[in-house]
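S.K.: Residue numbers (the UniProt record's numbering): 1 to 666.
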Amino acid sequence: MAQYSYPPLPAIKRLGRTPPFTRIMTLAPGAITDPLHCSVTTINLEDTPPFEALSYVWGERTASSPILCDGRPLPITLNLELALRQLRYPTRPRLLWVDAICIDQDNIEERSRQVQYMRLVYKHATRVVVWLGTKTPGIEQAFDTARRLAEILTQYLEALNTGEAPDAMRFLSQLFDREYFMRTWCIQEVVVSTCCIAKCSDLEINFWDLISTIPFVMPYQSQLLPSTTLEFWQKLSHNRKFFGKLSFTNVEGSLGPLVVLLASTLNFKATDPRDKIFALLGISDEGLEPIIGYINQSLLKDSNYHRQFRRVGTTIANRVNALAPGIDLFRLPDLKSDYGKDLISVYRDMTRYFIRKNPGFLDVLNYVQHTDDPAESLFPSWVPRWFRPRSAIFLGGTQLFFAGLGGGSHALVHDNPLLRKPLEPDSLQLDGFKVDVVQKVSKVMTFELPNTILVEVWNEMFDVPLFPRSNRMYLNGEPLDLAFCMTLMASPHGMYAIAASEDPLSVPEKDPSEDIWAFFSRSLTEVEGKAKAYIELYLLENSGHSSNANSSQTALSAVSQPSSSGGDDSWRFVRAAQLCSHNRRFYLTKSGYMGIGPMIMRPGDEVCVLFGGRMPFILRPTAQEHHIFIGQTYLYDYEILWGGATAAVRSKKGHSRFTATTLKLR
């Protein structure tokens, strides 16, 4: 009898969104020794009847009786056969999702597509059945012990085991959805208080006790990008509970540098958009001690000398201000809450302040995120819109990259005076160099489930399939598919990002005699090795073979305690790619560089490095001989990302393939 042949799943649409199609098996009833029978049906995971999902180990491909699928034999492993015999009901059918039966394992394209739906399958299953195998001596005692321990925990958590716990958590999650927790001014009103309670009608609770429950409601938040409002409150609560203070800045009463606070509160709201800045001045380093705007960040170190330097300056300023409050010594106009200034002027002048202040870095430009054409806006393109929610994670805030800082470089800005207005306030003139021109861009990458975006973007950008793997190489000599994946996770940023929620990395320890930069370089090398190992496992699982004979063994040996299938480790790569590439475009330049950049970028845009910037940037040339600032970008070239190219350009010795120039942004 001919074996079972899978009918193809509905094709992926060229335009528009394709539903998450998969198959479901109906296991026919029977006695435990009867032959196994089932039928397979194509379903849309977003509209499916209740089903259970089986979690199991394939096991050795030992000879077993095949299951009859729609009347035709389909080979399965012995472990799966044993599981299905135990799961089969004697008198009624059972709806199950089993990977070996619901996915055509011989169809590489289908496997690549279906692996993107795994989380969705197990999320929508009414129950996940974990199959641990058949009984062995002592297993009954082990299960009995587990039940007894569970009963002890149940008694301990008796109050939450009444059946009302899910509703209670949902209600608590809804409480944090209230507008109060999203209002910018409320931050200052709470953090400066000595005692604070939360009240609803006649109900009262200590505010910080309430905030401390946020980690328990975070799983009830469904966004791919976590709510930055809850993240912000949770961080304050964590610092207060475990360290006895709200932040680690050396300025008393401050939550940190103003630009960091602005970035952290992007999803907060204000009736007047100018209050997104004004409401934070009273709890920021620069707002509380304006002298900080004049000194280098290195002087903020917690040493007696540096504390004394700041203390003297602050004391002088306070005495002068007490005699003549109108002077407000050391406080620049940019740091004053001036409602007489229009919105654009407030945001523009604050951006210039951040660029001008020591040590002369362009970190503020990392927070520019456009969702529409900036050329059609009255705002200068280089000014962050602090009133807009975050559309993608920021890649430069981790201080992992030094693209424009090589050789000790800082921003070289023209027409940005300290005490008078610039000649062209809406123009920003910076020195830097052009790396290359964007030749091809992908569609905007969105990682909402279901998801086949990795394969789709590859197929869109390259003329060879992702699976099976090709022998093409990237500019740095790495396999093209490996470089593609490293780019999507903005390596090493993605690995550090997922480490915030788990600890897959064996964090290297610093030798007391080791130079800090040597330790930093070694740490990054180890993290990069982990990233490549996870990617190799992902590619291996989906293609059936690695790019070279040693890749599989290298990947398995590089990760700590890999799962039997490598799936847990390969998922870390997928998650890192989700975090870094969501709402961005993948692109190729004329010289063959890979990168991920803003959602509004297009062919013809230029990849540039600006002195003082941690990341490269995408700029758009215009016919008027100036550039429109599009946003930060990740370019997979470590010489550029870590400042080697900038050091060569700025050095008067040797040869550089790039040439410094002045770029005018509007």
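All residues carry an ideal CB built from backbone N, CA and C; glycine is no exception.
Take residue 376 and list the residues in its own chain whose beta-carbon comes closer than 7 angstroms to its own, dropping the five residues that flank it on each side.
M.R.: Along the sequence shown, read from residue 1 onward, the residue named residue 376 stands at position 376. Here the set comprises nothing.
S.K.: So the candidates are 272, 277, 191 and 230; which of them puts its Cα closest to the Cα of residue 178?
M.R.: The count along the sequence shown starts at 1 and reaches residue 178 at position 178. Among 272, 277, 191 and 230, the Cα nearest to that of residue 178 is on 230.
S.K.: Taking the Cβ atom as the reference point for each residue, do residue 669 and residue 584 lie within a distance shorter than 8 angstroms?
M.R.: Residue coverage of the chain in this structure runs from 1 to 666, which leaves residue 669 outside it and unanswerable.
S.K.: With respect to the beta strand (DSSP E) encompassing residue 597, which residues constitute its N-terminal and C-terminal limits?
M.R.: Translated into positions along the sequence shown, residue 597 becomes position 597. Where residue 597 is concerned, the enclosing beta strand (DSSP E) stretches over 594-597.
S.K.: How is residue 150 classed by DSSP in three states: helix, strand or coil?
M.R.: Within the sequence shown, the letter at position 150 stands for residue 150. Any reading at residue 150 is ruled out, since the residue's pLDDT is 45, under 50, leaving its predicted position unreliable.
S.K.: Going straight from the alpha carbon of residue 135 to that of residue 474, what length do you get?
M.R.: As a working mapping, residue 135 is identified with position 135 in the sequence shown. As a working mapping, residue 474 is identified with position 474 in the sequence shown. One C-alpha to the other measures close to 51 angstroms.
S.K.: Using a Cβ-Cβ cutoff of less than 8 angstroms, which residues in the same chain neighbour residue 447 once the five nearest sequence positions on both sides are dropped?
M.R.: As a working note, residue 447 is residue 447 in the sequence shown. Correct list, in chain order: 224, 453, 577, 578, 581 and 582.
S.K.: Helix, strand or coil: how does DSSP classify residue 190 here?
M.R.: Counting from one through the sequence shown, the residue named residue 190 turns up at place 190. DSSP places residue 190 in helix when its eight states are reduced to three.
S.K.: Helix, strand or coil, according to DSSP, for residue 56 in the structure here?
M.R.: Position 56 of the sequence shown, counting from 1, holds the residue named residue 56. Note: residue 56 maps to coil in three-state DSSP.
S.K.: Going by the beta-carbon positions, is the gap between residue 405 and residue 643 smaller than 8 angstroms?
M.R.: Looking up residue 405 in the sequence shown gives position 405. Looking up residue 643 in the sequence shown gives position 643. A contact, by the Cβ cut-off of 8 angstroms.
S.K.: Kindly list the residues whose CB is nearer than 8 angstroms to the CB of residue 482, restricted to its own chain and excluding five residues on each side of it in sequence; keep chain order.
M.R.: To locate residue 482, count along the sequence shown from 1; it is residue 482. Result list for residue 482: 474, 532, 535, 536, 539 and 547, in chain order.
S.K.: Terminal residues of the continuous alpha helix (DSSP H) containing residue 207?
M.R.: Along the sequence shown, read from residue 1 onward, the residue named residue 207 stands at position 207. Note, residue 207: alpha helix (DSSP H), 207-211.
S.K.: Which runs of the beta strand (DSSP E) at least 3 residues long sit entirely within the stretch 90-136? Give them in chain order.
M.R.: Those beta strand (DSSP E) runs which fall completely within the stretch 90-136 and span 3+ residues are 94-97 and 127-130.
S.K.: May I have the straight-line CA-CA distance separating residue 465 from residue 528, to the nearest angstrom?
M.R.: As a working mapping, residue 465 is identified with position 465 in the sequence shown. As a working mapping, residue 528 is identified with position 528 in the sequence shown. Answer to the nearest angstrom: the Cα atoms are 25 angstroms apart.
S.K.: Can you give me the start and stop residues for the alpha helix (DSSP H) that residue 255 sits inside?
M.R.: To locate residue 255, count along the sequence shown from 1; it is residue 255. Note, residue 255: premise wrong, no alpha helix (DSSP H); not H, not E.
S.K.: Quick check on residue 381: buried or exposed, where buried means 16 or more other Cβ atoms within 10 Å of its Cβ?
M.R.: Locating residue 381 in the sequence shown gives position 381, where the first residue counts as 1. It counts as buried.
S.K.: So, at 7 angstroms on beta carbons, what are the nonlocal neighbours of residue 29 in its own chain, with the 5 sequence-adjacent residues on each side left out?
M.R.: Your numbering for residue 29 matches position 29 in the sequence shown. These residues qualify, in order along the chain: 88, 89, 90, 91, 92 and 93.
S.K.: Using DSSP bridges, identify the partner residues of residue 436.
M.R.: Residue 436 sits at position 436 when you count from the first residue of the sequence shown. Paired residue(s): 607.
S.K.: Kindly indicate which residue of 385, 610 and 635 has the alpha-carbon position closest to the one of residue 667.
M.R.: Given that the chain is displayed from residue 1 to residue 666, the structure contains no residue 667 and the question cannot be resolved.
S.K.: Quick one: grab the DSSP three-state call for residue 272.
M.R.: To locate residue 272, count along the sequence shown from 1; it is residue 272. Correct three-state label for residue 272: coil.
S.K.: When burial is assigned at 16 or more other CB atoms within 10 Å of the CB, is residue 419 buried or exposed?
M.R.: Sequence index remark: in the sequence shown, residue 419 carries index 419 (1-based). By the neighbour-count rule (16 or more Cβ atoms within 10 Å), residue 419 is not buried but exposed.
S.K.: Rounded to whole angstroms, what is the Cα-Cα separation between residue 595 and residue 117?
M.R.: Numbered from 1 along the sequence shown, position 595 holds the residue referred to as residue 595. Numbered from 1 along the sequence shown, position 117 holds the residue referred to as residue 117. The alpha-carbon atoms of residue 595 and residue 117 are separated by roughly 26 angstroms.
S.K.: Just how far apart, CA to CA, sit residue 54 and residue 129?
M.R.: Here residue 54 refers to the residue found at position 54 of the sequence shown. Here residue 129 refers to the residue found at position 129 of the sequence shown. For residue 54 and residue 129, the distance between alpha carbons rounds to 5 angstroms.
S.K.: Which value, in whole angstroms, describes the spacing of the CA atoms of residue 40 and residue 525?
M.R.: By one-based count along the sequence shown, residue 40 stands at place 40. By one-based count along the sequence shown, residue 525 stands at place 525. The straight-line gap from Cα to Cα measures roughly 47 angstroms.
S.K.: Select from 364, 442 and 600 the residue whose C-alpha is nearest the C-alpha of residue 588.
M.R.: On the sequence shown, residue 588 is found 588 positions in, with the first residue counted as 1. The residue with the shortest Cα to Cα distance from residue 588 is 442.
S.K.: Just checking my contact of residue 601 with residue 366 at CB under 8 angstroms: how many whole Å lie between their CB atoms?
M.R.: Indexing the sequence shown from 1 puts residue 601 at position 601. Indexing the sequence shown from 1 puts residue 366 at position 366. Residue 601 to residue 366, Cβ: 15 angstroms. No contact.
S.K.: Taking buried to mean at least 16 other C-beta atoms within 10 Å of its own C-beta, is residue 334 buried or exposed?
M.R.: Walking along the sequence shown from the start, residue 334 turns up at place 334. That one is buried.
S.K.: How close, in whole Å, do the beta carbons of residue 24 and residue 85 come, if the pair is a contact with beta carbons under 8 angstroms?
M.R.: Within the sequence shown, residue 24 is the residue found at index 24, counting from 1. Within the sequence shown, residue 85 is the residue found at index 85, counting from 1. 19 angstroms between Cβ atoms; not a contact.
S.K.: Consult DSSP for residue 656 and reduce its assignment to one of helix, strand or coil.
M.R.: Working through the sequence shown from its first residue, we reach residue 656 at position 656. Here residue 656 sits in coil by DSSP.
S.K.: Which term fits residue 506, buried or exposed, when burial requires 16 or more other beta carbons within 10 angstroms of its beta carbon?
M.R.: Against the sequence shown, residue 506 aligns to sequence position 506. Note that residue 506 scores a pLDDT of 41, beneath 50, so its modelled location is shaky; the value from the coordinates is reported in the next line. Label assigned to residue 506: exposed.
S.K.: Indicate whether residue 68 and residue 37 have their beta-carbon atoms separated by less than 8 angstroms.
M.R.: Taking the first residue of the sequence shown as 1, we reach residue 68 at position 68. Taking the first residue of the sequence shown as 1, we reach residue 37 at position 37. Yes; because the gap between Cβ atoms is below 8 angstroms, this pair is in contact.
S.K.: Buried or exposed: residue 373, going by 16 or more other Cβ atoms within 10 Å of its Cβ?
M.R.: Position 373 of the sequence shown, counting from 1, holds the residue named residue 373. Its Cβ having fewer than 16 others within 10 Å, residue 373 is exposed.
S.K.: Note down the Cα distance separating residue 46 from residue 56, rounded to an integer number of angstroms.
M.R.: Taking the sequence shown and counting its residues from 1, the one referred to as residue 46 is at position 46. Taking the sequence shown and counting its residues from 1, the one referred to as residue 56 is at position 56. Roughly 24 angstroms between the two C-alpha positions.
S.K.: Out of 267, 72, 658 and 607, which one is the CA nearest neighbour of residue 629?
M.R.: Here residue 629 is taken as the residue at index 629 of the sequence shown, counted from 1. Looking at the Cα atoms, 607 is the closest of the given residues.
S.K.: Using the Cα positions of residue 379 and residue 622, report the straight-line distance between them to the nearest angstrom.
M.R.: Your numbering for residue 379 matches position 379 in the sequence shown. Your numbering for residue 622 matches position 622 in the sequence shown. Distance between the alpha carbons of residue 379 and residue 622: 17 angstroms.
S.K.: Decide if residue 99 is buried, meaning its Cβ has at least 16 other Cβ atoms within 10 Å, or exposed.
M.R.: Here residue 99 refers to the residue found at position 99 when the sequence shown is read from its first residue. Classification of residue 99: buried, given that the 10 Å Cβ count is 16 or more.
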